[in-house]
Structure formats: structure tokens, C-alpha cells
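Chains as they are written, first to last, in our numbering: chain A, 137 to 469; chain B, 137 to 469.
Beta carbons are placed, not taken as given, at the ideal position from N, Cα and C, and that holds for glycine.
Keep in mind the model is a prediction, meaning the values are calculated, not measured.
There are 2 protein chains.
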Amino acid sequence: MKKLINDATAVVGDSLAGFELAHSDLIRVDRQLNVVYRLDAPVTGKVGLVSGGGSGHEPLHAGFVGHGMLDAACAGAVFTSPTPDQIVAATRTVDGGAGILHLVKNYTGDIMNFEMAAELAAAEADVRVEAVVIDDDVAVQDSLYTAGRRGVGLTVLAEKIAGAAAEAGADLDAVAAIARRVNANGRSMGIALTGCTPPEKGSPIFELGDDEMEVGIGIHGEPGRERRPLAPASQVAELLVEPILADLDYRGAEIIAFVNGLGATPLIELYLMYAEVERIVSAAGARIVRSLVGPYITSLEMAGCSVTLLRADDELIKLWDAPVATPGLRRGM
Amino acid sequence: MKKLINDATAVVGDSLAGFELAHSDLIRVDRQLNVVYRLDAPVTGKVGLVSGGGSGHEPLHAGFVGHGMLDAACAGAVFTSPTPDQIVAATRTVDGGAGILHLVKNYTGDIMNFEMAAELAAAEADVRVEAVVIDDDVAVQDSLYTAGRRGVGLTVLAEKIAGAAAEAGADLDAVAAIARRVNANGRSMGIALTGCTPPEKGSPIFELGDDEMEVGIGIHGEPGRERRPLAPASQVAELLVEPILADLDYRGAEIIAFVNGLGATPLIELYLMYAEVERIVSAAGARIVRSLVGPYITSLEMAGCSVTLLRADDELIKLWDAPVATPGLRRGM
């Protein structure tokens, strides 16, 4: 295990210390609870967006706290759900009187802890909470830590788009409806070329042969559909995009496309993959109108990528284009 | 070699095809010459900024083409200088009548080809060209491909700051002077935990043992000062920052600090390193007033990081803060 760390048990807190120093113009960090807050939270009258999950997927979620996106992100231990007390604190702290939306990736622990926190916040502080679960990964139906599909790349798009709706003044029901519309219209799938090593574990969570790839990988290294020999990027793109297109009718659609790096795969390869994805999507009769390419939801230093396609409409595109100022995504302000 | 590519000899062009598709709102690409242009180039009356270098360092340089930064970037083959014909084309194309600044990393091939291109552009098209060479790497005096110090992380800051000066209407002498001031006041050093594999080579350019790191690594894997056992992040930060502080007097200075990922090192580690860098800089009597953390000048999938410290003044900070809209760096617009 070669990592730039001090103490494997303290990585999340040590990293958040640097994160807070680097981005003190945008966010603040509760160092006791490892919760990241938008600097001006709570914003009176605005729906508050709270997300979170295991660490090791940076910039998700902490990197997406700020104007036009999340109000708070709860950082769990690496690949471990945040605890209810983190989520309760976040929920209460960012409540500006218009209620709170929990954006939750579909993993059993996350679901359980966000639900518990929502009940506690409602009981203790009379905060109204809606939850939207993201379950966009078409690779497998159930998985290691998941009943139903896993929540992966679409989470980034949901946080951006729902965040823009909240920023524009939509009420809680409307923001939740937008997030559900994103989830209903988006699908993802990923591929790994290597495993990754959680600091406390100290060894790779899985190993791949020199010529192997895992098709349908989860962001915690959960097994996908199959392990097969490494193929050219054109074929890899087909292995990722075809199952997405088979799962939802994208014909004639305008699409927001997201080619995500899982950690170690360089941008030069991600852009090359994006060209392949665009080719396949166009041939299938859909049109990419917006895109995001880069490492936005990672699995530590895993090599590989994922593809997310969101069937958009004018409102979703407008919200996607809205200004955003977070450490991990910045545009228009 | 596990890479998401089709043909190892076509990676740069294949990647630029995707880059152009993904960022057609900001840039266009000359696919014959592999030159990336700002969409609205040439900008009449504005000094044009041209940079470039070997590919494999993305987002540098192509990712920094756009409003407030570069007008053109010439993409060489992986880890190979761009050719004079690329640079001449870029120089002529972005000439808005106010002259051109070449921002050149200090590598022998880059220097030679940019010089030749400047002479050709002056002779063929009467374009006035100034060149500023970036040579910020304190690790070694001469290196594999370099007479004098290598140009590394400071290049990103120089492109941002000189680009802002040009955007604000400074003339060629003034923009060149700003770039030289950045170079005179900035220093960098890097460390590698792994090697990396250029696609056409197909094997790692160097290997490190399971417990080794290369202190003072170059961005093409050039040897540094020493190879030594992996150490905690606090010590790694000292190994990088102390030589920088020893090389230039930073006492009492306001600093723009840049912790750069070389490719495979995740953000969670880069932010942790940033906290260590901040601690050492503060203890040395300087103060970080702006920062950049992330993979901005990479070495394919190399694991490791570099630190750049720029002794800033009010003018440099103001230029750093100016709006920028490029694929790789976006703020304020």
C-alpha cells in the first residue's frame, strides 16, 4: 500500500482539514463530525440539500458543497456509510425553514442511516425531510451492499440539477420531484482495470489479471457482470453504453453524458472514451447536448471509468447550465 | 499495459476528438495539426498566448485554452515536444495584432521548436513573438531532457496569471513581464510513488519497489534527487517544501500554493498533503492566501504529487482571481 497519508485510521479527518484550508472561501467543516457545510448555510427560505456517503469517492460529496449544489455533505469512513448523528446534525444545521432533501445513493447502510436521521430530525427539531434514492447502475440488480441497483455516477448530476432547482427557489416537493426525474431518466455502468486499496484495509479489495477488466464494477469494488480480457476502448464503450441503451429508451432524446474516471485513469483516456460514447449514442438516434468528463465520483486509485447518460428535457438542461460554485464543480460565477 | 485506448499510435488524436466534442462551447481543435484553439481566437487587439508540450500531462495544456488563459495549445505526441509547424500555425492563427507570448516549459526540444517557430512566424507573417521559459523545478539542476531546471507545476499558474493579464488588455511586454515575474517567484518539487506507461512504449518508464518513492521526480519520469523508503505524508511534505523554501526567500510572503496530483493519487490524499504543506509554510513565516489542489499537470497514471509555491503580490493575486473559462479551470464566468 503506497499512499500519501500519515495514519490510516485518520485519513478522512486529515484530508478534510486540508479541504477546509483550501476552500475556506466556499465551505466550512465540522471537524468533530466530519460534515462539510456551505459557507452561508443555512440559507433562509431555501430548500436544504444534504448528501453524503463513504469517503474515497472524492470529489463526491464534499466537493459538491456550495452555491447551486449541496448545503451539506456527511463524510463517512472510507467506503462506509455516514452515521445518523452526522446526518441529523447536517439536516438541522442547513434547515432554512423550507425543508431538507436527502440525496441518498442506494446502499443498504446509507438508506438505513439517512432514514433514521430523517426521523430523528423530524422528531427533535420539526424539520421536514424528503429523501430521493439514486439507483442508476444497470450492471447488476442486487449487489454486495445493495438491495436493488447501486447508486453511482448519476448522483453527481442529481446533486447539480436538484441543487440548481433549490437555488432557484423551488419548494421541497418540487426539488424532490426534479431529483426523482433525474433518477428516472438516468442510467450508468462502469468498468475497472485495477482494484483499489482502502487505507485501513491495507490490501486491494480485489485483484485483476494483467489482461483483465471487470465489466459492471461497483464504486466499492463490488463485482459486476463479468470479468473478461481487456478490449479496445471502442469495445469497452459498447460494453458500457449498450446495457444503458437497452434499459431505457433514449431514442430521439437530448442527453447529458458523463464519462467519469474512477481514479487512476488519465484524462487523455477519458476524452478518448467520450468520443466512443458519443459515436454509439449518435448511432442509436440520440444526441448529446451537454457533457461532463473527468474524475467526479471515484473509487480511490482504481483505474477505469463509468458512463452515465441522462435523458434530459429543457428544464433539466437549464438547471444543469445554472451557475455553480463548489470546490469540485464551478461554472458561471 | 492496461489502458482505455484503441491504437497506441493514435491516442493523442483520438483523445482530442473527444475533447473537442466535449468542449465545443469553449474550444475548437485543428485535427490535422493537433492544435487546440480558443473558440473566439484571434481576439483583435489582445496579446495571444500560445503554449504546448508533450501530451500525457492533461489537463495541461489543452485544458487551459479559453477565456482568461491560453489562446492556443499545441499537443505533441505523448511526452514529446510539439513540432515547429504546429507552433507556427498556432502563433499565426491567434495573432490579433498585439503580438504573441510563447509560454514554454524548459525542455530542450520544446525550447528549440518554440524558438524555430517564433523565427518562422516573424519571417513569414511579421508576427511579434516573445517567449517566457518556465523552469521552476528545484529538484535537479540539469535533467534527462533539460539544460537547467525543468518546467513543471508553475506552468499552470503562469498560464492563468499571464492569461488574465492579456485578457485585461496588457501589451506584449507587460504580459511577458508578468509571466517572468511568476517564474522568478515560484518554485516546485515533486515525488513519485509509481512509474507510468506511455502508450507507444507499452512498459513503465521506470519502476519503484513496493516501499520506495522517487523524491524530485520529473513529469516524464526523469530521476529526482534520491530514491528512498516511503514515508508518512508529513515527512513527504517536508521533503518537497523544504528544498523550495531553501531556494527562495518566502519569509513574510503571501503565497499561492498548488498541490498537484501526478495522475493516480486520489484527491483524499492531495488534500491531506495540502494540510501538511500549509503547516510547514506557516511555520516558515509565510502565509498561503490562494490555493489550487488537484491533478492539473499530470504524468499519465503516475502516482505521486508535486508542490508549487508562488510568492505573490497584489497584482498577481488579482490576476489569479480574474475570471477564467477553460475546460480544465473555470471560475467567475
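Got a sec: is the Cβ-Cβ distance from residue i to anything in chain A below 7 Å?
{"i": "Met-115/B", "result": "In the structure as shown, chain B begins at 137 and stops at 469. Residue 115/B is therefore absent and cannot be evaluated."}
{"i": "Ile-141/B", "result": "yes"}
{"i": "Lys-111/B", "result": "The question about residue 111/B has no answer, for chain B in this structure spans 137 to 469."}
{"i": "Ala-369/B", "result": "yes"}
{"i": "Pro-471/B", "result": "This structure cannot speak to residue 471/B, because chain B is shown only from 137 to 469."}
{"i": "Leu-157/B", "result": "yes"}
{"i": "Lys-138/B", "result": "yes"}
{"i": "Ser-427/B", "result": "yes"}
{"i": "Glu-362/B", "result": "no"}
{"i": "Glu-255/B", "result": "no"}
{"i": "Leu-161/B", "result": "The identity of residue 161/B in the sequence shown is Asp, whereas the question assumes Leu. Cβ-Cβ to chain A under 7 Å: no for Asp-161/B."}
{"i": "Glu-405/B", "result": "yes"}
How should residue i be labelled, buried or exposed, when 16 other C-beta atoms within 10 angstroms of its C-beta is the threshold for buried?
{"i": "Lys-337/A", "result": "exposed"}
{"i": "Thr-282/B", "result": "buried"}
{"i": "Gly-357/A", "result": "buried"}
{"i": "Glu-470/A", "result": "No answer is possible for residue 470/A: the residues shown for chain A start at 137 and end at 469."}
{"i": "Arg-447/A", "result": "buried"}
{"i": "Arg-323/B", "result": "buried"}
{"i": "Ser-191/A", "result": "buried"}
{"i": "Leu-455/A", "result": "buried"}
{"i": "Arg-387/A", "result": "exposed"}
{"i": "Leu-398/A", "result": "buried"}
{"i": "Ala-320/A", "result": "exposed"}
{"i": "Pro-459/B", "result": "exposed"}
{"i": "Pro-365/A", "result": "exposed"}
{"i": "Ser-339/B", "result": "exposed"}
{"i": "Gln-371/B", "result": "exposed"}
{"i": "Asp-231/B", "result": "buried"}
{"i": "Asp-161/A", "result": "exposed"}
{"i": "Gln-222/B", "result": "buried"}
For residue i, which three-state DSSP category applies?
{"i": "Lys-296/B", "result": "helix"}
{"i": "Val-417/A", "result": "helix"}
{"i": "Ile-163/B", "result": "strand"}
{"i": "Leu-436/A", "result": "coil"}
{"i": "Val-348/B", "result": "Before going further, note that residue 348/B is Glu rather than Val in the sequence given. Looking at Glu-348/B - three-state DSSP - the assignment turns out to be strand."}
{"i": "Leu-452/B", "result": "helix"}
{"i": "Ser-187/B", "result": "strand"}
{"i": "Leu-157/A", "result": "helix"}
{"i": "Phe-338/A", "result": "For the sequence presented, residue 338/A should be read as Gly rather than Phe. If DSSP states are grouped into helix, strand and coil, Gly-338/A belongs with coil."}
{"i": "Val-179/A", "result": "coil"}
{"i": "Leu-152/B", "result": "helix"}
{"i": "Gly-212/B", "result": "strand"}
{"i": "Ala-198/A", "result": "helix"}
{"i": "Ala-146/B", "result": "helix"}
{"i": "Ala-461/B", "result": "strand"}
For residue i, would you say it is in contact with chain B, using Cβ-to-Cβ distances shorter than 7 Å as the test?
{"i": "Arg-164/A", "result": "no"}
{"i": "Pro-402/A", "result": "yes"}
{"i": "Gly-399/A", "result": "yes"}
{"i": "Pro-340/A", "result": "no"}
{"i": "Arg-467/A", "result": "yes"}
{"i": "Ala-153/A", "result": "yes"}
{"i": "Leu-446/A", "result": "no"}
{"i": "Val-372/A", "result": "yes"}
{"i": "Leu-436/A", "result": "yes"}
{"i": "Glu-350/A", "result": "no"}
{"i": "Leu-308/A", "result": "no"}
{"i": "Asp-450/A", "result": "no"}
{"i": "Glu-390/A", "result": "no"}
{"i": "Leu-293/A", "result": "no"}
{"i": "Glu-336/A", "result": "no"}
{"i": "Leu-366/A", "result": "yes"}
{"i": "Glu-303/A", "result": "no"}
{"i": "Glu-343/A", "result": "no"}
Exercise for the section: Starting from the N-terminal side, write out each stretch of the beta strand (DSSP E) that is 3 residues or longer and does not extend beyond the region 214-298 of chain A. Expected result: 236-241 and 265-270
Exercise for the section: Would you mind listing the alpha helix (DSSP H) stretches within the region 304-336 of chain A that are 4+ residues and don't spill past its ends, in chain order? Expected result: For the region 304-336 of chain A, whole alpha helix (DSSP H) runs of length 4 or above, ordered along the chain, are 308-321.
Exercise for the section: Kindly confirm or deny that the region 186-198 of chain A and the region 230-242 of chain A touch, where touching means at least three C-beta pairs closer than 8 Å. Expected result: Using a C-beta cut-off of 8 Å, the region 186-198 of chain A makes contact with the region 230-242 of chain A, since at least three inter-stretch Cβ pairs fall below that distance.
Handout entry: Contiguous alpha helix (DSSP H) assignments of at least 4 residues, all confined to the region 360-429 of chain A
Key = 369-383 and 403-419
Handout entry: Segment contact, 8 Å Cβ cut-off, at least three pairs: the region 201-220 of chain A with the region 161-180 of chain A
Key = yes
Handout entry: Cβ contact (3+ pairs, closer than 8 Å) linking the region 325-333 of chain B and the region 369-377 of chain B
Key = yes
Exercise for the section: Below 9 Å between beta carbons is the criterion; list the residues of the region 201-214 of chain A that meet it against any residue of chain E, in chain order. Expected result: Within the model displayed, chain E is absent; protein chains A and B are what it includes.
Handout entry: Three-pair Cβ contact test at 8 Å for the region 254-263 of chain A versus the region 281-297 of chain A
Key = Segments in contact, no.
Practice task
Taking 8 Å as the threshold, find out whether the region 421-434 of chain B comes into contact with the region 338-352 of chain B through three or more Cβ pairs.
Solution key: no
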